[in-house]
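There are 2 protein chains.
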Amino acid sequence: MKKTILIFIFIFLFLNLRTYTQITDYTKYVDPFIGADGGGYTFPGAALPSGMLKVGPDCNKLDENAGWDAKGNIVGFSHTHINGSGGGCKFGNILFMPTVGEVKPLDYTSPRANEYSEVGLYNVYLTRYKTSVRLSATRSAAIHEYTFPETDKANVMIDLGSFLSSYERQEFVGSEVRILSDTEVEGYSRIRGGWNIGRAYTVYFYAKFERPATSYGTWKSGQLYLNEKSQFDSNEKTGAYLTFDTRQNKTVKVKVAISYMGVNKAQYNIKEIPSWSLETVKSNAVIEWNKILKQVKVEGGSEDSKKIFYSSVYRIFLQPNNYKGENPLWASDKPYYSDYHAIWDTYRATHPFINLLQPSLGADMVESLIDIYRFDNYMPDARTSHDNGRTQGGSNCDMLVADAFVKGVKGVDYKTALQAMIKNATVPPGDDERKQGRGGLWDYNRIGYVSTDFERCGTRTLEYSANDYAIATVAKGLGETAIYEKYKKKASSWENLWNPEIENMGFKGFIWPRKSDGTWVDTTKFNVFASGSLEHPFYETFSWEYSFYAPQDMSRLIEKMGGKETFINRLDTYFTKSFPGKLGELLFYTKLVGMCQISNEPSFLNPSLYCYVNEPYKTAKIVRQILATQYTSGRDGVPGNDDSGSMGAWYAFHALGFYPNAGQDVYLISSPIFQKSTITLENGKQFVIIAKNADEKNIYIQSCLLNGKPFNNCWFRHADIANGATFEFVMGDKPSTWGSNGELPPSMSNQK
Amino acid sequence: MKKTILIFIFIFLFLNLRTYTQITDYTKYVDPFIGADGGGYTFPGAALPSGMLKVGPDCNKLDENAGWDAKGNIVGFSHTHINGSGGGCKFGNILFMPTVGEVKPLDYTSPRANEYSEVGLYNVYLTRYKTSVRLSATRSAAIHEYTFPETDKANVMIDLGSFLSSYERQEFVGSEVRILSDTEVEGYSRIRGGWNIGRAYTVYFYAKFERPATSYGTWKSGQLYLNEKSQFDSNEKTGAYLTFDTRQNKTVKVKVAISYMGVNKAQYNIKEIPSWSLETVKSNAVIEWNKILKQVKVEGGSEDSKKIFYSSVYRIFLQPNNYKGENPLWASDKPYYSDYHAIWDTYRATHPFINLLQPSLGADMVESLIDIYRFDNYMPDARTSHDNGRTQGGSNCDMLVADAFVKGVKGVDYKTALQAMIKNATVPPGDDERKQGRGGLWDYNRIGYVSTDFERCGTRTLEYSANDYAIATVAKGLGETAIYEKYKKKASSWENLWNPEIENMGFKGFIWPRKSDGTWVDTTKFNVFASGSLEHPFYETFSWEYSFYAPQDMSRLIEKMGGKETFINRLDTYFTKSFPGKLGELLFYTKLVGMCQISNEPSFLNPSLYCYVNEPYKTAKIVRQILATQYTSGRDGVPGNDDSGSMGAWYAFHALGFYPNAGQDVYLISSPIFQKSTITLENGKQFVIIAKNADEKNIYIQSCLLNGKPFNNCWFRHADIANGATFEFVMGDKPSTWGSNGELPPSMSNQK
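Going down the list, the protein sequences come from chains P and L.
Mapped onto numbering that gives the first Met the number 0, the consecutive letters of the first sequence carry residue numbers 0 to 751.
Mapped onto numbering that gives the first Met the number 0, the consecutive letters of the second sequence carry residue numbers 0 to 751.
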């Protein structure tokens with residue numbers, strides 16, 4: 000009897016131990032290199048979630064938006080990077096580079112081999128110096144491990160004059176360096192400009208080496224000063240080097256911490272890495288990333304799709320970055336996130352994904368936007384290096400506020416947020432209207448649309464309308480009826496650019512640029528396929544595509560397009576006909592599915608629009624086609640600029656089987672690729688998506704139960720899943736009538 | 000014979016030596032304390048001309064715009080100050096304070112005695128600590144000399160949490176401190192806000208003590224950390240103290256250098272003071288100041304008037320400050336001057352005085368404005384702590400460009416300056432329209448005046464008109480005919496606010512606030528004596544006074560007022576009738592001569608306006624009355640806020656006998672107070688003003704010769720004196736007809 004009990008206890012303990020030790024390491028599915036090549040510009044180095052410091056390689060080629068490029072030499076390893084931006088460079092500050100032999104401040108780059116990365120680890124071999132490099136990171140500190148050949152001249156170069164500068168250039172402002180001892184160096188690099196045309200920012204650093212250097216020196220403007228310990232700031236590029244003897248011990252380790260406050264703070268931040276074990280730092284990164292990744296457990300899909308999926312989720316949480324305690328502009332107890340780069344990209348899917356998995360993080364980000372409004376004039380449409388800029392289309396920070404609001408995200412001062420939104424809608428930003436707020440606002444508020452007197456007149460009008468609905472949404476929720484009514488009315492402003500006379504491919508009515516006197520731009524001067532950059536009426540898209548953009552009022556848009564059947568035909572045409580415009584104009588959407596530029600954000604919602612006419616099987620078909628053909632686990636596996644995880648978020652949502660209409664309490668169902676996905680919400684409740692039979696062929700939903708009851712809408716609300724829920728889909732290889740008789744998703748025009 | 004020759008040689012040498020040794024020290028006439036009290040807010044500490052560092056006392060009373068106040072305790076001695084501003088505080092950074100006994104970071108202020116200053120020296124005795132303090136300064140470094148009682152606890156407190164904050168508050172952002180050794184401390188203080196609502200700025204410092212401290216410590220948020228050498232930046236107030244033993248040697252000296260770049264640069268800047276002799280630093284300051292002061296030699300006036308005169312010239316050159324090599328925002332080879340505080344005050348007299356004495360300095364300042372436009376969006380109307388803001392009325396930087404241009408100031412890129420001026424006139428600043436550019440520009444360019452929809456509508460309209468004439472002036476000179484024509488036309492915009500129906504004291508026609516629909520503000524809601532601050536139609540003035548403001552077109556204004564006689568009567572009334580408005584409204588002009596608020600800049604040109612109707616004796620009379628009754632050599636000797644030397648410049652010009660119409664090639668003659676003034680121009684030529692018989696009674700010009708020839712105009716051009724000239728006035732105690740038949744000064748309407 001006693002023996003039996005003991006055996007049971009043993010078995011019990013053993014099972015528990017097994018459970019404990021078998022915690023899945025989801026980071027094994029993450030490859031930070033996915034999307035680094037082929038225009039994805041993902042960041043392949045090491046970083047924590049929202050990590051202020053992002054340590055990785057900088058390469059001397061033009062395509063170096065995240066520092067890395069497939070070609071060219073490695074310049075060194077800097078500590079600040081942006082993920083996925085296709086715009087001009089930012090960051091690339093505080094660059095370290097191991098070299099061997101003579102110290103050459105102007106010539107130290109190296110070819111490379113054996114380059115790969117994992118969560119919390121970047122690895123490369125520098126062939127010029129026969130030196131291996133491994134990097135890992137905490138929130139604001141990095142550890143570098145260099146394995147040199149045996150030499151008495153193993154150098155570590157610290158170049159404070161280096162920064163990313165391919166185009167839309169950053170400009171050098173100044174730098175200082177000071178060797179404090181034979182194991183310590185500190186200083187700063189000060190840079191301005193770049194993508195957001197930002198004011199000067201200063202990255203301070205403190206570096207601590209594991210063992211003493213045998214000699215050292217500094218440089219200024221390329222001129223070496225042997226044994227000189229410091230260089231002051233005369234607006235010139237400075238640097239320092241420490242030389243080590245690696246004949247006995249080939250390894251040189253250095254910890255580097257950064258700060259936006261000062262060198263003492265950087266020295267404080269280095270405490271994030273107490274030991275000299277790179278493995279410990281990496282393990283910590285794996286633990287931190289697993290805290291997020293384990294919130295979504297997917298089963299019954301290919302290993303490759305899991306790799307793409309978890310790498311996508313990884314990139315969603317890589318940025319914006321947490322700068323708490325690192326704000327050199329004002330003192331505040333509020334959260335401080337930066338590197339919104341840009342919200343035009345991320346409001347659509349990235350932030351809704353964050354609000355789904357980690358609403359407390361979403362709250363901190365919105366609180367941060369509000370604090371930026373309080374102390375720095377406007378909520379940003381984009382912000383990096385502590386300065387707002389630059390706007391792409393609307394004031395889409397409004398969408399972030401509304402998205403958090405409708406999803407019940409707690410801990411946000413929505414009253415102040417509403418003031419900030421109203422400022423966007425009423426106070427022209429002036430001067431550089433690409434910086435913040437709403438350019439062309441005078442027109443918009445006076446004549447109901449942004450006229451051709453202003454750049455991006457089409458994009459701005461459409462997005463301001465959607466943004467106004469976001470304002471109305473929050474105002475309504477706060478009981479501000481007058482504000483609600485006012486902005487609900489303004490949310491129809493896009494209709495002022497609806498030109499019913501324009502006809503193309505048999506469809507009538509397109510969004511069209513309009514002059515301030517009310518007349519339309521002549522069709523000889525503009526066509527439905529024309530697009531361009533910031534100066535163009537349609538920013539990074541074209542009328543055919545952006546004529547589908549009225550996310551706040553799809554029912555009205557469908558009506559304007561001629562009703563359900565015409566709308567479906569028009570979407571079909573959009574997804575199947577080849578783009579007939581000039582390819583030379585296609586700067587931003589070289590990857591097309593039909594005319595849909597799936598490589599850029601303006602297309603993001605369009606595959607889901609069939610849900611607004613209860614034809615979800617068509618959404619399933621096009622979404623599955625894009626997922627299967629445009630995303631891979633290769634280094635060029637992202638179809639467009641990842642844009643701070645935007646491409647990743649599009650993939651992640653659709654892989655789970657739904658996609659948000661951002662700023663509204665609506666998820667539109669598409670087609671789950673995994674047979675089971677279990678999302679553990681922040682409140683501990685589980686949101687389970689079962690997709691029986693789901694595979695590459697069984698892409699169509701045949702039936703659906705929600706919490707065991709038949710569910711026939713092809714959309715659902717956040718409230719439906721916020722406290723846990725189970726969707727049970729049965730998938731098949733033929734379109735079904737499921738969803739065709741459900742309630743339509745809400746649109747402004749069909750709501751009270 | 001030989002003996003005679005030798006004697007002659009001796010006499011010759013002796014005379015030469017006498018000449019050499021008798022070089023006048025004009026700084027003996029300068030008392031930096033003139034105007035420090037009574038609302039003048041002059042800076043009484045030590046500084047070089049345009050010195051970036053201005054070391055002086057900060058007092059814990061509300062009236063501490065320049066740090067100093069007559070009442071309250073001395074808090075300590077900080078290194079950055081503004082001269083003469085009546086607006087909210089700026090600066091007061093990096094505060095040092097000697098104390099004795101226990102170290103108390105939150106309680107160390109002291110009453111004072113024996114406080115005085117000279118050029119390059121500030122002196123005070125701290126009664127709480129029985130300690131004497133002497134301060135002197137170079138461009139970016141200071142030397143402090145503390146004479147303690149005999150004690151083993153003589154402390155020097157370094158408070159990086161201290162800054163001036165009476166109203167329109169500066170806000171604390173952060174600070175760091177680090178004790179490098181027993182003789183060295185460095186760190187920074189970071190502040191935002193204040194008068195210009197500026198972004199955060201950082202003042203770095205490096206301090207070197209003459210002898211080692213016996214103990215030390217730091218603090219954060221008031222909490223002491225004995226023996227702890229550093230405090231990092233956590234947005235909290237930090238500080239450090241060093242304790243000395245003064246039982247053998249009562250003197251503790253410390254050099255303190257500041258920088259806006261970094262601590263290494265501050266350490267570099269300390270080389271400006273090579274020795275430990277405060278006397279040497281002071282002597283150097285005297286030499287530097289004499290280089291300017293000796294350019295004007297005045298003779299035949301009272302000692303008191305010389306004291307007022309040279310102290311005035313001193314203050315003209317005290318600010319804006321030279322930040323060359325200290326720009327943390329961009330790298331540029333151009334000059335970098337800042338602390339334009341504000342150009343609304345200084346364009347009228349201060350900068351014209353600089354252009355007269357030191358056109359190369361004037362050129363550097365305009366070049367600096369252009370560089371600010373290039374890299375920081377707009378030329379400033381005011382700028383301090385590396386940020387523009389805040390505008391008072393027009394975009395009066397335009398006046399600085401025009402003033403330099405018409406006076407032939409070389410070395411300015413006038414083509415780019417014209418672009419910058421046109422930006423002011425065409426690109427609305429947006430958001431905070433008090434920051435830069437032209438607020439209400441939309442109205443001004445659309446309907447020809449700034450309507451009551453915008454604040455300061457009256458002041459803005461009038462000044463934009465004058466600014467537009469400045470643009471026209473430069474455009475004309477550069478051969479840009481179309482621009483010239485356009486802006487000449489716009490320079491008449493002030494007429495759109497001329498309301499011919501308003502009548503007061505028998506005079507018809509006043510400048511009046513107007514609504515955007517073209518109707519006038521009702522007389523029941525507005526009157527000719529109403530004034531206020533930034534929100535008011537008339538900024539710091541009232542319609543009666545500012546109806547005289549059309550400096551670009553006095554002939555047209557005189558015509559609108561009803562012709563010469565009415566104009567004279569109206570000016571007479573203005574200078575003689577008591578102000579009948581409510582005194583409570585007179586926030587900014589408590590010192591009045593009749594209705595003329597001589598204590599503020601909007602009145603500055605008005606005493607000279609009689610010259611526009613050839614009645615110069617009336618100008619002489621009122622100017623002499625103001626000089627004699629409103630300016631003294633006392634600490635309250637300036638009638639209003641000195642505003643970066645504005646009051647000083649008004650005095651200095653009129654003491655010499657003329658006054659500029661800024662931005663135009665016109666000096667209007669008033670009444671010289673010295674019997675001879677010799678101005679040595681920068682090109683070495685002499686501009687001599689002889690005023691025979693001039694004294695307190697002989698104030699009227701009876702006759703005039705220019706270079707020996709009769710001169711009957713009551714005005715002259717810069718070209719008349721730019722290569723040297725001699726005016727010979729004969730003065731008498733009765734008005735004469737001199738000047739009554741001369742050519743009228745140029746006005747826009749009577750020019751081709």
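Idealized CB from N, CA, C, for every residue including glycine.
Could you tell me the boundaries of the alpha helix (DSSP H) in which L/Tyr486 lies? Taking the first residue of the second sequence as position 1, residue 486 of chain L is located at position 487. For L/Tyr486, the enclosing alpha helix (DSSP H) starts and ends at Thr480 to Lys489.
Straight-line gap, L/Phe316 to L/Gly644 (C-alpha atoms, nearest Å): Taking the second sequence and counting its residues from 1, the one referred to as residue 316 of chain L is at position 317. Taking the second sequence and counting its residues from 1, the one referred to as residue 644 of chain L is at position 645. Distance between the alpha carbons of L/Phe316 and L/Gly644: 8 Å.
P/Trp737 burial status per 10 Å Cβ neighbour count (16 or more: buried): What you label residue 737 of chain P is simply residue 738 of the first sequence in a count that begins at 1. Buried.
Checking the sheet assignment: what are the DSSP bridge partners for P/Asn154? Counting from one through the first sequence, the residue named residue 154 of chain P turns up at place 155. P/Asn154 is bridged to P/Thr98 and P/Thr242.
DSSP-derived helix/strand/coil call for P/Lys785: Here chain P covers residues 0 to 751 and nothing more, so residue 785 of chain P does not appear.
Since L/Ile93 contacts L/His340 with CB under 8 Å, what's their CB separation in whole angstroms? Within the second sequence, residue 93 of chain L is the residue found at index 94, counting from 1. Within the second sequence, residue 340 of chain L is the residue found at index 341, counting from 1. The Cβ separation is near 19 Å, so there is no contact.
Starting from the C-beta of L/Gly192, find all residues in its chain whose C-beta is less than 7 Å away, skip the five residues before and the five after it, and write them out in chain order. One-based indexing of the second sequence puts residue 192 of chain L at position 193. Closer than 7 Å at Cβ, skipping near neighbours: Arg168, Gln169 and Glu170.
DSSP state of P/Cys595, grouped into three classes? Sequence index remark: in the first sequence, residue 595 of chain P carries index 596 (1-based). Of the three classes helix, strand and coil, the one that applies to P/Cys595 here is strand, per DSSP.
Under 7 Å by beta carbon: chain P residues contacting L/Ser233: Within the second sequence, residue 233 of chain L is the residue found at index 234, counting from 1. Ordered by position in chain P, the residues that pass the 7 Å Cβ test against L/Ser233 are Gly324.
Residues of chain L with CB under 8 Å from P/Tyr267, in chain order? The residue you call residue 267 of chain P lines up with position 268 of the first sequence. Result: Phe231.
Please name the residue or residues paired with L/Thr237 in a DSSP beta bridge. Mapped onto the second sequence, residue 237 of chain L falls at position 238. DSSP, once it has assigned bridges, lists L/Lys219 as partnering L/Thr237.
Do you know offhand how far L/Cys456's Cα is from L/Tyr483's? As a working mapping, residue 456 of chain L is identified with position 457 in the second sequence. As a working mapping, residue 483 of chain L is identified with position 484 in the second sequence. A direct Cα-Cα distance of roughly 25 Å separates L/Cys456 from L/Tyr483.
Identify the contact partners of P/Glu175 in chain L, using a Cβ-Cβ distance below 9 Å as the criterion. The count along the first sequence starts at 1 and reaches residue 175 of chain P at position 176. Ordered by position in chain L, the residues that pass the 9 Å Cβ test against P/Glu175 are Met260, Gly261, Val262, Asn263 and Lys264.
Would you kindly check if the distance between the Cβ of P/Val527 and the Cβ of P/Phe509 is under 8 Å? Residue numbering aside, residue 509 of chain P sits at position 510 when the first sequence is read from its first letter. Residue numbering aside, residue 527 of chain P sits at position 528 when the first sequence is read from its first letter. Closer than 8 Å, so yes.
Under 8 Å Cβ-Cβ, which residues of chain P neighbour L/Pro427? Position 428 of the second sequence, counting from 1, holds the residue named residue 427 of chain L. Correct list: Pro427, Gly429 and Asp430.
How many angstroms separate the CA atom of L/Phe525 from the CA atom of L/Gly531? Within the second sequence, numbered from 1, the residue matching residue 525 of chain L stands at position 526. Within the second sequence, numbered from 1, the residue matching residue 531 of chain L stands at position 532. For L/Phe525 and L/Gly531, the distance between alpha carbons rounds to 12 Å.
Can you list, in chain order, the residues of the stretch 184–204 of chain P whose Cβ is nearer than 7 Å to any Cβ on chain L? Under the 7 Å Cβ criterion, the stretch 184–204 of chain P contributes Tyr187, Arg189, Arg191, Arg198 and Ala199.
Verify the CB distance criterion: does P/Ala330 have a CB-CB separation below 8 Å to chain L? Translated into positions along the first sequence, residue 330 of chain P becomes position 331. Chain L, which has a Cβ nearer than 8 Å to the Cβ of P/Ala330, makes this yes.
For the 8 Å Cβ check, are there 3 or more pairs between the stretch 284–301 of chain L and the stretch 143–163 of chain L? Using a C-beta cut-off of 8 Å, the stretch 284–301 of chain L makes no contact with the stretch 143–163 of chain L, since fewer than three inter-stretch Cβ pairs fall below that distance.
When the Cα atoms are used, what is the spatial distance from P/Val172 to P/Val99? As a first step, residue 172 of chain P must be located in the first sequence, where it is residue number 173. As a first step, residue 99 of chain P must be located in the first sequence, where it is residue number 100. Near 29 Å, if we compare the C-alpha coordinates of P/Val99 and P/Val172.
Measuring only between beta-carbons, confirm whether L/Trp441 sits less than 8 Å from chain P. By 1-based counting over the second sequence, the position of residue 441 of chain L is 442. True, the Cβ-Cβ gap to chain P drops below 8 Å.
Give a yes or no on contact between the stretch 254–269 of chain P and the stretch 228–244 of chain L, applying the rule of three or more CB pairs nearer than 8 Å. With the cut-off at 8 Å, the stretch 254–269 of chain P and the stretch 228–244 of chain L touch.
Using a C-beta to C-beta distance shorter than 9 Å, which residues of chain L count as neighbours of P/Val102? In the first sequence, residue 102 of chain P corresponds to position 103, counting from 1. Within 9 Å Cβ-Cβ: nothing; P/Val102 doesn't reach chain L, min ~21 Å.
Does P/Pro273 come within less than 8 Å of chain L when only Cβ atoms are used? Walking along the first sequence from the start, residue 273 of chain P turns up at place 274. Not one chain L Cβ lies under 8 Å of P/Pro273.
From what residue to what residue does the beta strand (DSSP E) around L/Met730 run? Numbered from its first residue, the second sequence carries residue 730 of chain L at position 731. Here the beta strand (DSSP E) through L/Met730 covers Ala724 to Gly731.
Which residues in chain P have a C-beta closer than 9 Å to the C-beta of L/Val449? List them in chain order. Counting from 1 along the second sequence, the entry for residue 449 of chain L is found at position 450. Near L/Val449 there are no residues of chain P at all, since even the closest Cβ is about 15 Å away, more than 9 Å.
Cutoff 8 Å; reference L/Glu183; Cβ partners in own chain excluding five residues on either side: As a position in the second sequence, residue 183 of chain L is number 184, starting the count at 1. Within the same chain, L/Glu183 has close Cβ partners Tyr205, Ala206, Lys207 and Phe208.
Within-8 Å CB hit, L/Val172 to chain P: The count along the second sequence starts at 1 and reaches residue 172 of chain L at position 173. Cβ-Cβ to chain P under 8 Å: yes for L/Val172.
Proximity test, Cβ basis, 8 Å: P/Asn692 and chain L: The residue given as residue 692 of chain P occupies position 693 in the first sequence. Not an interface residue.
For P/Thr237 and P/Phe76, the rounded distance between their alpha carbons: Mapped onto the first sequence, residue 76 of chain P falls at position 77. Mapped onto the first sequence, residue 237 of chain P falls at position 238. Take the alpha-carbon of P/Phe76 and the one of P/Thr237: they are about 16 Å apart.
Would you kindly check if the distance between the Cβ of P/Met398 and the Cβ of P/Gly662 is under 8 Å? In the first sequence, counting from the first residue as 1, residue 662 of chain P sits at position 663. In the first sequence, counting from the first residue as 1, residue 398 of chain P sits at position 399. In this structure, P/Met398 lies closer than 8 Å to P/Gly662 by Cβ.
Considering just the uninterrupted stretch of the alpha helix (DSSP H) at L/Asn396, what are its terminal residues? Within the second sequence, numbered from 1, the residue matching residue 396 of chain L stands at position 397. First, the amino acid is wrong: residue 396 of chain L is Cys here, not Asn. In the DSSP assignment, L/Cys396 falls within the alpha helix (DSSP H) that extends over Cys396 to Val405.
Output the distance between the C-alpha atoms of L/Asp36 and L/Arg634, rounded to the nearest integer angstrom. Translated into positions along the second sequence, residue 36 of chain L becomes position 37. Translated into positions along the second sequence, residue 634 of chain L becomes position 635. Straight across, the Cα-Cα distance linking L/Asp36 with L/Arg634 is about 5 Å.
Give the straight-line distance between the Cα atoms of L/Tyr588 and L/Pro709, rounded to the nearest whole angstrom. As a first step, residue 588 of chain L must be located in the second sequence, where it is residue number 589. As a first step, residue 709 of chain L must be located in the second sequence, where it is residue number 710. Summary for L/Tyr588: the model assigns pLDDT 49, below 50, so the residue's position carries little reliability, and this model does not support an answer.
Could you check which residue in P/Arg716, P/Glu681, P/Asp732 and P/Asn711 has the C-alpha nearest to that of P/Gln357? Counted from its first residue, the first sequence places residue 357 of chain P at position 358. When each option's Cα is compared against that of P/Gln357, the closest is P/Glu681.
Could you name the residues of the same chain whose beta carbon sits closer than 6 Å to that of P/Ile178, not counting the 5 residues immediately before and after it, in chain order? One-based indexing of the first sequence puts residue 178 of chain P at position 179. Excluding sequence neighbours, P/Ile178 sits near Val184, Tyr215, Lys228 and Ala239.
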